[in-house]
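One structure is given here, and the rest of the page talks about it.
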Amino acid sequence: MTPRLAQALLDAAEVAPPVPSPDRLWRRGRLRRRRRRTGVVLACLLLITALAWTPVRSRTALEVSGAGQEVLPGSVAEPYLWQRTLAESPNGPVKLTFGTGHSLNLETALVLIGRDDTYRLDYLSPGEDGGTLSPDGRWLLGQNLRDLTTGETRKLDRKLTGHPPAVWAPDSRTAVGGIGGDGGIAYGPDGQPLDIPDGEIVLVDGTSGAIRKIATAVDGAPWRAAFSPDGSRLAFHTSLPDRGSMLTIIDTRTANPLHTVTLTERQRLAGPAAWTPDDSQILLAAGEVCAWAGYCTDQTWHLQRVDLTTGTIVDESVRGRPGNPTVIAWRDGQPVVQQAHGDRPCDTVALTETGAQPLPLTVAGHGCADYARDLLEEGILGGPGIEPSPWQAQWWAYVPVAVLLAGIALIAVRIRRRRRTPTPEYGLPAN
Numbered sequence: 257m258t259p260r261l262a263q264a265l266l267d268a269a270e271v272a273p274p275v276p277s278p279d280r281l282w283r284r285g286r287l288r289r290r291r292r293r294t295g296v297v298l299a300c301l302l303l304i305t306a307l308a309w310t311p312v313r314s315r316t317a318l319e320v321s322g323a324g325q326e327v328l329p330g331s332v333a334e335p336y337l338w339q340r341t342l343a344e345s346p347n348g349p350v351k352l353t354f355g356t357g358h359s360l361n362l363e364t365a366l367v368l369i370g371r372d373d374t375y376r377l378d379y380l381s382p383g384e385d386g387g388t389l390s391p392d393g394r395w396l397l398g399q400n401l402r403d404l405t406t407g408e409t410r411k412l413d414r415k416l417t418g419h420p421p422a423v424w425a426p427d428s429r430t431a432v433g434g435i436g437g438d439g440g441i442a443y444g445p446d447g448q449p450l451d452i453p454d455g456e457i458v459l460v461d462g463t464s465g466a467i468r469k470i471a472t473a474v475d476g477a478p479w480r481a482a483f484s485p486d487g488s489r490l491a492f493h494t495s496l497p498d499r500g501s502m503l504t505i506i507d508t509r510t511a512n513p514l515h516t517v518t519l520t521e522r523q524r525l526a527g528p529a530a531w532t533p534d535d536s537q538i539l540l541a542a543g544e545v546c547a548w549a550g551y552c553t554d555q556t557w558h559l560q561r562v563d564l565t566t567g568t569i570v571d572e573s574v575r576g577r578p579g580n581p582t583v584i585a586w587r588d589g590q591p592v593v594q595q596a597h598g599d600r601p602c603d604t605v606a607l608t609e610t611g612a613q614p615l616p617l618t619v620a621g622h623g624c625a626d627y628a629r630d631l632l633e634e635g636i637l638g639g640p641g642i643e644p645s646p647w648q649a650q651w652w653a654y655v656p657v658a659v660l661l662a663g664i665a666l667i668a669v670r671i672r673r674r675r676r677t678p679t680p681e682y683g684l685p686a687n
């Protein structure tokens, strides 16, 4: 080695950084490996959480959406307790709603099934009615108006009572509901009964939320209503033991009565879809055993048709239909009826001239499901049954899952480290 080269090496050694010890180099490499592994585990957890948070669209829903026709499932299962809520992530417009006891607050909650078969829960206050679903599945009208596509609640000028449930017009633009007039008895400080003002029957504008009075609910009398196919008229039925039973046809624009038909205590408006599609008749449910207000357990019934031109009432030929009927839609020219049986699940049938054809629609939960009328009339019935996805959960449900996955990953890393071969010792060769 020349003196000049030796001097250059000495100068470079003086300015070069010190070489770390072998032990320090090993610790630094091990720290880097741990950081990489931790980053990979966290990335996997974030990916799993993101996939779980994304709504799972069923194969059937996607196929039907592409075909341009919706499917109502043949069966719908109960939700999980941790199911995602409507306020957290709206899934409207929806196919149907139903009540359930599967809720964290041990109260009845409302289950909403979206067009993509996703589940959402809407927690109700004690005694609160879930509301009535609009025919297009976008709106839910209870005490206030709920937009199921955004989750926003539109406050009305005055809250509806929610009972009897509101009734929607076929175009989903207007609904009729009640305000006040619960029919109870109140007493003043001196023990004297107080006069309670009569309730009001109001029309609710689905666009603006404005309300307009069209009738008076005398003494909280029970009432039923049905819109004509074009929404221009309303069949309104009210009944009181001492005031008779009256069916009134009202002009929804002017609120003026157009026709009045006196009914018996065994006759009532058949349901929110009681008006026939050709706009010529209105269906009545005629009790065969007792008055409808009597609630006899062995009640049977048949339909009657009121001709709006002549006022004549014609009975159908079939007798002895069981249950408590409500006409909710029309399909292929036949009325679709939900029959509540009290101790048995609610069933949905299409009435024929000779009997009833059960529809392949079974829903878990309490009472009868509330279907989007548009789908019930035009959609495909009896599609594959649907069940909730356990990953469509509220945000807090992912915390224990993430902690569990992180724990498993940590244990796996430690086991692998223990099974690894011992680290060789580094040192300088002996002279």
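Residue numbers (this note's numbering): 257 to 687.
Where a beta carbon is used, it is the ideal one built from N, C-alpha and C, also for glycine.
- Taking a contact as a CB-CB distance under 8 Å, the pair GLN523 and GLN560 counts as one, their CB atoms being some 7 Å apart.
- Per DSSP, ARG629 is not a residue of any beta strand (DSSP E); the alpha helix (DSSP H) it occupies stretches across 629-634.
- Judged by DSSP in its simplified three-state form, GLN263 adopts helix.
- In this structure, ILE470 places its C-beta atom within 7 Å of the C-beta atom of ALA511.
- A Cβ-Cβ distance of about 6 Å is found for the pair LEU412 and ILE467, placing them in contact under the 8 Å criterion.
- In this structure, DSSP gives VAL574 a state outside helix and strand, which the three-state scheme calls coil.
- A contact is defined here as three or more CB-CB pairs under 8 Å, and the stretch 600-612 meets this definition with respect to the stretch 561-576.
- Cβ contact annotation for LEU404 (same chain, cutoff 8 Å, sequence separation greater than five): LEU342, PRO346, ASN347, GLY348, PRO349, VAL350, LEU368, GLY393, ARG394, TRP395, LEU396, in chain order.
- Across the structure, GLU334 and GLN325 are spaced so that their CA atoms are roughly 25 Å apart.
- As a beta-bridge residue in DSSP terms, TRP424 pairs with ALA431.
- With contacts defined by Cβ atoms closer than 7 Å, LEU362 and ASP626 do not form a contacting pair.
- A Cβ-Cβ contact shorter than 7 Å links TYR336 with PRO646.
- Under the criterion of beta carbons closer than 8 Å, GLY639 and LEU328 qualify as touching, at roughly 6 Å.
- HIS622 is bridged by DSSP to GLY355.
- Around the beta carbon of TRP557, 16 or more other beta carbons lie within 10 angstroms, which makes this residue buried.
- Of PRO578, THR406, GLU521, the smallest CA-CA separation from GLY611 is found for PRO578.
- Secondary-structure assignment with DSSP links GLY543 through a beta bridge to TRP557.
- Annotation: the continuous beta strand (DSSP E) that includes SER495 extends over 489-496.
- For HIS515, the uninterrupted beta strand (DSSP E) segment begins and ends at 513-519.
- The secondary-structure analysis by DSSP pairs TYR375 across a beta bridge with ILE369.
- Burial of VAL458 is indicated by the presence of at least 16 other C-beta atoms within 10 angstroms of its C-beta.
- Between the stretch 480-489 and the stretch 516-535 there are three or more inter-stretch CB-CB distances shorter than 8 Å, so the stretches are counted as touching.
- For ALA585, the enclosing beta strand (DSSP E) has its first and last residue at 580-587.
- Contact annotation: ALA477 and THR504 have beta-carbon atoms that are not nearer than 7 Å.
- Judged by their CB atoms, ALA425 and GLY487 are nearer to each other than the 7 Å cut-off.
- The distance from the Cβ of ILE506 to that of LEU490 is about 5 Å, consistent with a contact at the 8 Å cut-off.
- The beta-carbon separation of LEU540 and LEU525, rounded to 6 Å, stays under the 8 Å limit for a contact.
- ALA653 is a Cβ neighbour of TRP338, given a cutoff of 7 Å.
- With a 10 Å radius around the Cβ and a threshold of 16 neighbouring Cβ atoms, TRP586 comes out buried.
- The DSSP-derived three-state label of ALA473 is strand.
- One alpha carbon belongs to GLU643, the other to ALA620, and they sit about 11 Å apart.
- Scanning its chain for C-beta atoms nearer than 6 Å, with the 5 sequence neighbours on each side dropped, one finds around GLU456 the residues ILE435, LYS469, in chain order.
- Spatial neighbours of GLY589 in its own chain (CB-CB distance under 8 Å, excluding positions within 5 residues in sequence) are listed in chain order as PRO533.
- Only buried fits ILE584, as 16 or more other CB atoms lie within 10 angstroms of its CB.
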